[in-house]
Amino acid sequence: MSSEETVEVVIPLVKTITSLSFRNLCYTVPQQQRGGSDKKQLLKNISGTFRSGRLSAIMGPSGAGKSSLMNVLSGFKTSGVKGRILINNEVIERAKYRQLVAYTTQDVPLLQNITVQETLHYAADLKLPSRVTRIHKTKIVNDIIALLGLEKCAHNQARNLSGGERKRLSIGLELVSNPKIMFFDEPTSGLDSESSYQVIRYMKELARQGRCVVSVIHQPSSELLELFDDLYVVADGRCMYQGALEDLVPTLTEAGFVCPQYYNRADFGEFRKSLSLAYFELIRVTILFSKITL
């Protein structure tokens, strides 16, 4: 049986979830100040939708709230959170939601003296129910190795892996439980352009299988940006734009911001969404974009 056929059997395409939506999310954290304590609001009534089968990028200037949004949506942060998170437009129990979600942070610790294959086997033993047989676990591990292009380094110890291989292995660790929703926090951080492209390309393949795949991405190249289907631009804890990649420039043009020729759309979007804009301009553009996405 070929690798592709095995993937279809062991890691089935995800068809049960069509969208992940969030409505009026607020996230507030304590902030120590001289003379007492205060609170800082990182997310401000933010709403949006990420669809299954599409690779979505969360973008925005530093301090915009990108990682905060990711932490809240993944369930990593629950204290100080208000609002609703919906699956297929329905609220589900928190425990069930956590079973659907995988979150890959920037730096995933790996045991340095065991191989890629052994690492995935350990993950399978820890994450999968005891009723799953050893043969089935081995098939899952082999499928993940094939799916993420790790065949050539399957028997290499983690200490000998390249940066891109380590990133793909960290994705594989989460893929063991076949999550329906996958979040990534700057997966290309520290990688060269070729490795970055490979990692995002594999993430796009995961989305094509029917998963909802969402990633924080910072200053991507034009080539890298083209791999994404949808963009979600954040500034000051607010949604400034959500929509398809190809709609970004026309929408900004309609708002009065013309993208110069040969300018990277990612840079253009992040620059125009910085809070160097006057506050009233921020509100005006937000209202314009909300007509498209909400």
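Numbering (my numbering), first residue to last: 118 to 411.
Heads up, the beta-carbon is just placed ideally off N, CA and C, and yes, glycines get one too.
Taking 8 Å as the cut-off, the Cβ atoms of V218 and F300 count as close.
Cβ atoms of M320 and S332 come within 8 Å of each other, at about 6 Å. Taking a contact as a CB-CB distance under 8 Å, the pair I175 and M187 counts as one, their CB atoms being some 7 Å apart. Using a Cβ distance threshold of 8 Å, V146 and G197 count as a contacting pair.
Distance check between V225 and each of R215, T236 and D260 places T236 closest, using alpha-carbon atoms only. The three-state reading of DSSP puts S136 in strand, counting E and B together. From the listed residues V351, R328, K199 and D346, the smallest Cα separation to S169 is found for R328. Going by DSSP, L264 is part of the alpha helix (DSSP H) stretching over R251 to L264.
At a Cβ-Cβ threshold of 8 Å, G289 and I252 do not count as neighbours.
As the crow flies, the alpha-carbon of T222 is around 5 Å from that of D302. Counting only runs of at least 3 residues, the segment 291-329 fully encloses the following beta strand (DSSP E) elements, listed from N- to C-terminal order: 298-302.
Using a Cβ-Cβ distance cut-off of 8 Å, the segment 306-318 and the segment 274-288 are in contact, since at least three pairs of beta carbons, one from each stretch, lie closer than that value. Taking the CA atoms as reference points, N162 sits about 17 Å from G177.
When the five nearest sequence neighbours on each side are left out, the beta carbons in the same chain lying within less than 7 Å of the beta carbon of V189 are those of L142, Y144, L160 and V198, in order along the chain.
Taking the Cβ atoms as the reference, K254 lies roughly 17 Å from L265, outside the contact range of under 8 Å. Taking C-beta separations shorter than 6 Å and ignoring five residues to either side along the sequence, the partners of H238 in its chain run V258, following chain order. Counting other Cβ atoms within 10 Å of its Cβ, E291 reaches 16 or more and is therefore classed as buried. Across the set S306, V249, Q148 and K213, the C-alpha of K213 shows the shortest separation from the C-alpha of P296. Pairing D347 with R171 gives a Cβ-Cβ distance under 8 Å.
Distance from the CA of K156 to the CA of G182, rounded to the nearest whole angstrom, comes to 15 Å. For G165, the pairing in a beta bridge is given by DSSP as F139. Note on geometry: alpha-carbon atoms of Q274 and A324 lie some 28 Å from one another. F345 places its beta carbon less than 8 Å from that of S173. The Cβ atoms of V293 and A240 lie closer than 8 Å to each other. In this structure S185 is buried. Its beta-carbon is surrounded by 16 or more other beta-carbon atoms within 10 angstroms.
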